[in-house]
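Below is one structure, written out as structure tokens, with a few remarks after it.
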Amino acid sequence: MTPHRFGMGGTQIGNIFEPISDQQAAAVLEAAWGAGVRLYDTSPFYGFGLSEYRLGRFLHNRNPAEYVISTKVGRVLTAAGGKRADHAIWKSPAPFNYRYDYTAAGARRSVEDSLQRLGLPRLDIVFIHDLSPDNTELEGGWEAAYRIAREGAMVELEKMRDEGLIKAWGFGINTPNAAVRAVTNDDPTPDIVLLACQYSLLDHADALRNTFPALQKNGTSVVVGTPLNDGFLGGRSRFNFSPDIPAGAVEKRARIMAVASQHGIDIHTAALQFAAAHPQVSAIVPGARAPGQILSNVQAMKVGIPAAFWSELKSQKLIDAQAPVPA
């Protein structure tokens, strides 16, 4: 478990969807720190090193004992030799290319590179990134990549934990397959798993009834990424990093918003608190690209939500009857 229940995701300061300046990224991080945020999730993939670099520059005069950093392995960056063009969701990224590498040497290289970008002597948590069926870039598919990671990155991360270079490791994935396989097979067991796009107010039944119980048997805790479905629960017309909205999602969001309005709260507040309420969830890490967003997220975690609101959602079958809700 992380010592903090609420953190900040690093995609936005890695220029996801649209670029922000170094100054704006610093202002977001300053607002987060001032609001008491001490858990930061990043990755070499976020802006091709940009997110890690900006986070490291912000934290370089702060005591590492005061905060928790998680980053990822699975891709190794190499210099592009010039300005890098936009790549899919990353706009104005740092001048690097990436290659997938789930081997032991690749994991070691990735961790060492991250330490350099972050300016740190060690890391708190390292997630094996995007080892998932939805990642169509993986040559031979996710199962072939998993077999490489099983003998490579997973074993090497266990070794790094024993060395004290990292404190914990797991998977950072958009589907549960790799994490469930690891805990149900005789494989190295992840300490903690970052589940993105899998447990939200709008979509949580599968994680609640299948993924969480499988992980719980091995004592593996969960960090929830994208608790707002990539801003969809904040009103954006984008769902889990895609403009394609699932059938019925807009209508369900509207129904939840109507119930929230009746109880004097907003869906953004309800969504963040719901994602953090499950006892197996160690933390949630929504992103932010402006100081006001991170302050709004922090404040949302402090709002009292009437029990009648959650009862109404369950009675209307808008959330699973077994879903834990905030006390």
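For the numbering used here, add 36 to where a residue sits in the sequence shown, where the first one is 1. Every residue gets a Cβ at the ideal spot worked out from N, C-alpha and C, and that includes glycine.
Span of the alpha helix (DSSP H), counted from its first residue to its last, around residue i
| i | result |
| --- | --- |
| residue 70 | 58–70 |
| residue 346 | 343–351 |
| residue 261 | Taken as a continuous stretch (DSSP letters only), residue 261 belongs to no alpha helix (DSSP H), being part of the beta strand (DSSP E) at 257–261. |
| residue 183 | 178–187 |
| residue 236 | No alpha helix (DSSP H) holds residue 236; DSSP gives it neither H nor E. |
| residue 331 | 327–336 |
| residue 249 | 248–252 |
| residue 292 | 285–298 |
According to DSSP, residues forming a beta bridge with residue i
| i | result |
| --- | --- |
| residue 114 | 133 |
| residue 161 | 106, 204 |
| residue 278 | 275 |
| residue 154 | Partner(s): none; residue 154 has no beta bridge. |
| residue 83 | Bridge partners of residue 83: none, in fact. |
| residue 44 | 76 |
| residue 209 | 231 |
| residue 123 | 126 |
| residue 355 | Note: residue 355 sits in no beta bridge, so no partner. |
| residue 52 | 126 |
Where residue i falls, given that 16 or more other Cβ within 10 Å makes a residue buried
| i | result |
| --- | --- |
| residue 157 | exposed |
| residue 97 | exposed |
| residue 48 | buried |
| residue 220 | exposed |
| residue 232 | buried |
| residue 273 | exposed |
| residue 85 | buried |
| residue 102 | exposed |
| residue 284 | exposed |
| residue 176 | exposed |
| residue 340 | exposed |
| residue 22 | Because residue 22 is not part of the residues shown, which for the chain are 37 to 363, the question remains open. |
| residue 173 | exposed |
| residue 305 | buried |
| residue 343 | exposed |
| residue 165 | buried |
| residue 123 | exposed |
| residue 286 | exposed |
| residue 206 | buried |
| residue 43 | buried |
Element boundaries [beta strand (DSSP E), containing residue i]
| i | result |
| --- | --- |
| residue 77 | 75–77 |
| residue 168 | Looking at the DSSP string, residue 168 is not in any beta strand (DSSP E), and its letter there is neither H nor E. |
| residue 311 | From DSSP, residue 311 is part of no beta strand (DSSP E) but of the alpha helix (DSSP H) over 303–313. |
| residue 228 | 228–232 |
| residue 318 | 317–321 |
Residues near residue i by beta carbon distance below 7 angstroms, same chain, minus five either side
| i | result |
| --- | --- |
| residue 63 | 327 |
| residue 169 | 178, 211, 213 |
| residue 94 | 62, 65 |
| residue 125 | 52, 53, 277 |
| residue 88 | 78, 80, 107, 150, 153, 154 |
| residue 143 | 109, 188, 189, 192, 193 |
| residue 325 | 48, 56, 64 |
| residue 41 | 312, 319 |
| residue 257 | 37, 228, 316, 318 |
| residue 100 | 156 |
| residue 140 | 188, 189, 191, 192 |
| residue 322 | 45, 263, 264, 308, 333 |
Cβ separation of residue i and residue j, assumed to be a contact under 8 angstroms, to the nearest whole Å
| i | j | result |
| --- | --- | --- |
| residue 331 | residue 71 | 6 angstroms |
| residue 263 | residue 307 | 6 angstroms |
| residue 295 | residue 352 | 7 angstroms |
| residue 237 | residue 132 | Residue 237 to residue 132, Cβ: 36 angstroms. No contact. |
| residue 38 | residue 297 | Rounded, the Cβ-Cβ distance is 33 angstroms, inconsistent with contact. |
| residue 301 | residue 345 | 7 angstroms |
| residue 160 | residue 209 | That pair is no contact at about 19 angstroms. |
| residue 259 | residue 202 | Contact doesn't hold; Cβ gap of about 15 angstroms is too wide. |
| residue 261 | residue 230 | 5 angstroms |
| residue 186 | residue 223 | 6 angstroms |
Residues near residue i in its chain [Cβ-Cβ closer than 6 angstroms; skip 5 each side]
| i | result |
| --- | --- |
| residue 54 | 127 |
| residue 293 | 303 |
| residue 313 | 360, 361, 362 |
| residue 434 | Residue 434 is absent from the structure shown; the chain starts at 37 and stops at 363. |
| residue 82 | 46, 47, 50 |
| residue 181 | 138, 167, 174 |
| residue 348 | 295 |
| residue 112 | 135, 137, 142, 145, 146 |
| residue 247 | 212 |
| residue 68 | 44, 330 |
Residues of its chain near residue i, where Cβ-Cβ distance is below 8 angstroms and the 5 sequence neighbours each way are ignored
| i | result |
| --- | --- |
| residue 275 | 265, 266, 268, 281, 282, 285 |
| residue 244 | 235, 314, 356, 358, 359 |
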